[in-house]
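Asks:
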Amino acid sequence: MSAPVLEVQDLQKHFPVGTGSVLRRKTGWVKAVESVNFTIEAGQTLGLIGESGCGKTTTAKLILLQERPTAGTIKFEGEDIGGLRGEALMRYRRAVQVVFQDPFGSLSPRMRVGDIIAEPLEIHSDLTRAQLQERVAEVLELVGMSPDVAKLFPHEFSGGQRQRIAIARALATDTRLIVLDEPVSALDVSIRAQNINQLEHLQDTLGVSYLFIGHDLATVAHISQRIAVMYLGHLVEIADSAELCAHPLHPYTQALLIAALPAHPDVKQERLAIIGEIPSALAPPSGCRFHTRCPHAMPRCSTEVPVSKEVAPGHAVACHLY
Amino acid sequence: MSITIVERKIAAQAGSPSQRKRFNAREWPVLPLLILVPFVVAALFAEVIAPYDPTQPVAGATYFLPPFWMEGGSLHTLLGTDFQGRDILSRLIFGARVSLIVGVMGTVVAGGLGTAFGILSGYLGGWVDQVIMRVTDAWLALPALVFAIFLATLLGPSMWNIVTILGLVYWTRYARVIRGEVLSLREREYVKLAEIAGASRTRVILRHILPNVMNTAMVLGSLTIGVVIIAEASLSFLGVGVPPPEPAWGLMLSEARSTLMAGKWWLTVFPGVCILLVVLATQLFGDWLRIRLDPQLRNL
Amino acid sequence: MGAPFLEVRNLQTHFSTFGGSRVVKAVDGISFTVREGETLGLVGESGCGKTTTCLSIVGLLPAAARVVGGEIRLAGEDLTKKSQREMRRIRGRLVAMILQDPMASLNPLFSIYTQVAEPAYYHLGMRSRSLRRRVEELLRSVRIPSPAMRMRNYPHQMSGGMRQRIVGAIALAGGPKLIIADEPTTNLDVTIQAQYLDLLKDIQQETGVAIIFVTHNLGIVAKMCDRMAVMYAGKIVECGAVRDLFRAPQHPYTKALLGSTAKLGSKEPLFAIPGQPPDLANLPSGCAFHPRCSEAMQRCSEQEPETVQCGQDWTARCWLTHTKESLRHERASA
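Chains as they are written, first to last, in this note's numbering: chain A, 1 to 322; chain B, 323 to 622; chain C, 623 to 956.
1. Measure the alpha-carbon distance for residue 874 of chain C versus residue 885 of chain C and round it to whole angstroms.
2. Quick one: grab the DSSP three-state call for residue 461 of chain B.
3. For residue 151 of chain A, count neighbouring Cβ atoms within 10 angstroms of its own Cβ and tell me buried if that reaches 16, exposed if not.
4. In chain A, what lies closer than 8 Å to residue 784 of chain C by C-beta?
5. Using the Cα positions of residue 654 of chain C and residue 356 of chain B, report the straight-line distance between them to the nearest angstrom.
6. In or out: residue 845 of chain C buried (at least 16 other Cβ within 10 Å) or exposed?
7. Between the C-alpha atoms of residue 928 of chain C and residue 943 of chain C, what's the straight-line distance to the nearest angstrom?
8. Ignoring anything shorter than 3 residues, give me the beta strand (DSSP E) runs that lie fully in the stretch 20 to 66 of chain A, in order along the chain.
9. Using beta carbons (cut-off 7 Å, strictly below), is residue 500 of chain B in contact with chain A?
10. Taking the Cβ atom as the reference point for each residue, do residue 103 of chain A and residue 159 of chain A lie within a distance shorter than 7 Å?
11. For the candidate residues A/42, A/311, A/97, A/136, whose alpha-carbon lies nearest to that of residue 65 of chain A?
12. Would you mind sorting residue 181 of chain A into buried or exposed? The rule is 16 or more other CB atoms within 10 Å of its CB.
13. Should the stretch 303 to 317 of chain A be called in touch with the stretch 224 to 240 of chain A, which here means at least 3 C-beta pairs below 8 Å?
14. Please report the distance separating the alpha-carbon of residue 459 of chain B from that of residue 117 of chain A.
15. Quick check on the burial criterion: 16 or more other C-beta atoms within 10 angstroms. Buried or exposed for residue 536 of chain B?
16. Is the shortest distance between the beta-carbon of residue 398 of chain B and the beta-carbons of chain A less than 7 Å?
17. In chain C, which residues lie with their C-beta within 8 Å of the C-beta of residue 189 of chain A?
18. When the Cα atoms are used, what is the spatial distance from residue 461 of chain B to residue 350 of chain B?
19. If you drop the 5 nearest sequence neighbours on each side, which residues of the same chain put their C-beta closer than 6 Å to that of residue 185 of chain A?
20. Is there a Cβ from chain A that is less than 7 Å from the Cβ of residue 859 of chain C?
21. Once DSSP output is grouped into helix, strand and coil, what is the label at residue 730 of chain C?
22. What is the rounded straight-line gap between the Cα of residue 146 of chain A and the Cα of residue 167 of chain A?
23. To the nearest angstrom, report how far apart residue 541 of chain B and residue 597 of chain B are at their CA atoms.
24. If we require 4 or more residues per run, which alpha helix (DSSP H) segments fall completely within the stretch 854 to 883 of chain C?
25. To test your reading of the DSSP string, which unbroken alpha helix (DSSP H) runs of 4 or more residues are found completely within the stretch 197 to 264 of chain A?
26. Assuming residue 451 of chain B and residue 412 of chain B make a contact with CB atoms under 8 Å, what is their CB distance in whole Å?
27. Taking C-beta pairs closer than 7 Å, name the residues in chain A that residue 496 of chain B reaches, listed in chain order.
28. Under a three-way DSSP split, which group does residue 176 of chain A fall into?
29. Could you tell me which chain C residues have their CB closer than 9 Å to the CB of residue 271 of chain A, listed as they occur along the chain?
30. Please go through the same chain and pick out, in chain order, the residues whose beta-carbon is closer than 7 Å to the beta-carbon of residue 501 of chain B, but skip the five residues on each side of it.
31. What three-state label does DSSP hand residue 934 of chain C in the structure shown?
32. Compare the C-beta of residue 612 of chain B against all C-beta atoms of chain A and say whether one is closer than 7 Å.
33. What are the start and end residues of the alpha helix (DSSP H) that includes residue 290 of chain A?
34. Can you list the residues of chain B that residue 108 of chain A reaches, using a CB-CB cut of under 9 Å?
35. Residues in the same chain with beta-carbon distance under 7 Å from residue 866 of chain C, minus the five sequence neighbours each way, listed in chain order, please.
36. Sorted by chain position, which residues of the same chain lie with C-beta nearer than 8 Å to residue 941 of chain C's C-beta, five sequence neighbours on each side aside?
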């Protein structure tokens, strides 16, 4: 069994919160990510789902080395990325890319599409102009666009097409993991399906892995083999997507499923049992972060943080009910 | 109900909306160009256009000849002559060259320095930012003109010295604005993507930041030209600008101010009007440029 | 369902830009009805004209846009013929709007009380104690905890979900009979969205207000709406009961939209509509959808389809349906 593409162990990220601009006095911590564990296998997609303040964006930043973890390890193909420097760091950057949510902000407006896609290649390799052009044409075809578009500028394309260009750029080097941060949320409904299909097709053809961050459970479940649910920095449940949708164990996951919009007007609608607003990440509840809104809360939940337990093969949940 | 899954390849040219560039009169900055083009032509072809040598008195003419439409004026010297008998019109034409060169080149120097420092300050942050910003603070605290005079007396008068001086005086305003722009650009996703892809800071600055501040830099530039021209005129007026007998509008004003009271208005009004028109035109052009460039960016 | 409250007939709203040289037909001849107490979903993607339709109804079109044809009958009166002054008496009183971004809808400088009280103050003439009571009542009906205390807060002290509920309270303050909600939950988290939609449903039960729910999300339509109108390139391509359209959609665009939505638990490949949404300034000939339609016929690229009745209170604008219906009529009369 080859090593998983990505292995995250006890990942933790705390941001200091301070006052004053010159001499910052620390007044507290934002515990953005707290002991998160998951793995992504080669050629598989892990969906990361959660609402505001859950820590999914911070997790992505940690994986992309935009931030350094306060504790825990991230291993890429068996190698700890925390200590990477120089040549090894460049190799990591070549293998792990990202696609952001906003199709209009992710492409440099003054560069041609061909140059945008070629940029990672220019940084990491010494290909000649002709070789670069060839590779650019290759990836453009992979995402279903004609190689002729390389001459054009981003503003001549629609949102969905720009996202595809962003995906092409993410694939230009021999990428093995793409972090997709809500890649279709900003697109029109009719275009979303095109892009999701494209991503799935690319995974089948190239064997690239995805970390798919989203908020629409149906879309995430469609593209991911496994789903991890986060709430206020904690990973509350992780399972295969079919299993998660059929047998959600954590009350929060159950709430997400109830809150998910129906596919048909005749589907029976349950009312959401959870109450109140999502607490602020600056002052999270004690013990289990979800206990303030949980319909099954017990006294234990407000004092003890639940530990993640494997309840069924491949299905782990962090809840005192189990 | 069956849905046939049809996946057609999308043709090369995207079917997305793009602004078709149709030039109608509203789109051109008519007024600024109407004013500036003659001046630029005058500056470029001064030797050909000007009727006389601006530094020599006109042969056979008297001093203080009024413009041709007044009594005593002559058609040989359309706008009159000055206290040395030199043709005002020729001096204005050659003066355009000085003013425009100093204005444009001074702005280029100021813009170049200001943009460079603004980008470094905004993008690198940290102590680089602090140092540059404190320097600009101190620089800005000095009154521009006084500082220019100081430098002029240090470096000695000559056209290129004046260009350098004005550049040194005015770069700080540029740096401030560009820094602000870079601060927001730095957070754009395409910059972050380049960083994630492993681009070096130099690369990010040259390929991503610089092209995107060019718009602001150009608009600032067109607005600065007016300021620099007036500064040059002020310096000339005070006698530390471009040295005589080279004609400069400010110098013409300065040399003639005592004669204004004596009723020889044409010696001061014409150069004054030229300064007014050119500065007005550059300001209007800068405004037009700003509006023109902005909505396009919003359409992207 | 009650009597028809809002009747839009053949509404046309055009945008003219570049000094009149470019005209965009944002809304090109749409007709629909909203009855008292019913929820109509106005579905479509960006650029289809649904927001322009709403702005046309309340008379708040931007300067470049104008209603150039058709009528909007609210409680019997034609809104297109009204002056701004008359519209001011209608907005907030008969028709209210809820917009997408709650932070932009609330004035950061004024307290919650001031903002919720405003419609009641102007339209219902309420003052002091009765006004205070009304505001408390409204805040309670949108489930803001401790309303008496919260009244004194400011928008920045509240979360996104709460702000959107306060916007709802403002909308209800004047006692309107119709609320136009333009994608009110797009910026909200999933669970907050669910709470909000449940709230809207409850409010509708209590007050009998009619709702036009503008969205691109068919899940919301399935959950909230009784009837739906699907818009594409400024026209309504299909309109009818939500159940009917979900069960047997007539127009290929409706079919495509339904097919392209991911369904929980299903890994079936999504139906991807090829091509791009059209440029309104450069519409294709004939039916605007034909370049992307898998069932397009020759006629579709030549002639714009007419609206056809395909069932009880169910219309579609498609040559396919036209053919189907004419065949049905022939057989029926034969």
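All C-beta atoms in this analysis are idealised placements derived from N, C-alpha and C, irrespective of residue type, glycine included. Being a predicted model, the structure only gives us computed values, none of them experimental.
Replies: A quick look at the data gives this:
1. Cα to Cα, residue 874 of chain C sits roughly 19 Å from residue 885 of chain C.
2. Reduced to three states, the DSSP call for residue 461 of chain B is helix.
3. Per the 10 Å Cβ criterion, exposed.
4. Contact note: residue 784 of chain C reaches chain A through 277, using a C-beta cutoff of 8 Å and chain order.
5. For residue 654 of chain C and residue 356 of chain B, the distance between alpha carbons rounds to 54 Å.
6. Burial check for residue 845 of chain C: the Cβ neighbour count within 10 Å reaches 16 or more, so the residue is buried.
7. Here the alpha carbons of residue 943 of chain C and residue 928 of chain C stand approximately 10 Å from one another.
8. Taking only runs of at least 3 residues, the beta strand (DSSP E) segments lying wholly in the stretch 20 to 66 of chain A are 25 to 40, 45 to 49.
9. False, the Cβ-Cβ gap to chain A never drops below 7 Å.
10. Closer than 7 Å, so yes.
11. Taking the Cα of residue 65 of chain A as reference, the smallest distance to any Cα among A/42, A/311, A/97, A/136 is reached at A/97.
12. It counts as buried.
13. They touch, by the three-pair rule.
14. Distance between the alpha carbons of residue 459 of chain B and residue 117 of chain A: 41 Å.
15. Exposed: under 16 other Cβ atoms inside 10 Å.
16. With 7 Å as the cut-off, residue 398 of chain B does not count as an interface residue toward chain A.
17. The contacting residues are 667, 838, 839, 840, 879, 882, 883.
18. When the Cα atoms are used, residue 461 of chain B and residue 350 of chain B turn out to be separated by approximately 37 Å.
19. These residues qualify, in order along the chain: 101.
20. For residue 859 of chain C, the nearest beta carbon of chain A is not closer than 7 Å to its own beta carbon.
21. Of the three classes helix, strand and coil, the one that applies to residue 730 of chain C here is coil, per DSSP.
22. Roughly 14 Å between the two C-alpha positions.
23. C-alpha of residue 541 of chain B to C-alpha of residue 597 of chain B: approximately 20 Å in a straight line.
24. Residue ranges of uninterrupted alpha helix (DSSP H) with 4 or more members, entirely inside the stretch 854 to 883 of chain C and ordered along the chain, are 864 to 869, 874 to 882.
25. Secondary structure within the stretch 197 to 264 of chain A: the alpha helix (DSSP H) runs of 4 or more consecutive residues, fully enclosed, are 217 to 223, 241 to 246, 251 to 259 (chain order).
26. Not quite, the Cβ-Cβ distance comes to about 50 Å (not below 8 Å), so this is no contact.
27. Result: empty, since nearest Cβ-Cβ is about 20 Å, beyond 7 Å.
28. Coil.
29. What residue 271 of chain A touches in chain C, judged by beta-carbon distance under 9 Å, is 816, 820, going in chain order.
30. Closer than 7 Å at the Cβ level, and outside the excluded window around residue 501 of chain B, lie 440, 443, 444.
31. Secondary structure at residue 934 of chain C: coil, using DSSP grouped into helix, strand and coil.
32. By this cut-off, residue 612 of chain B is not an interface position.
33. For residue 290 of chain A, no alpha helix (DSSP H) segment is defined, and its DSSP state is neither H nor E.
34. Neighbours of residue 108 of chain A on chain B, chain order: 510, 512, 513, 515, 516, 529, 530, 533, 534.
35. Result list for residue 866 of chain C: 933, 936, in chain order.
36. Within the same chain, residue 941 of chain C has close Cβ partners 909, 919, 921, 922, 925, 927.
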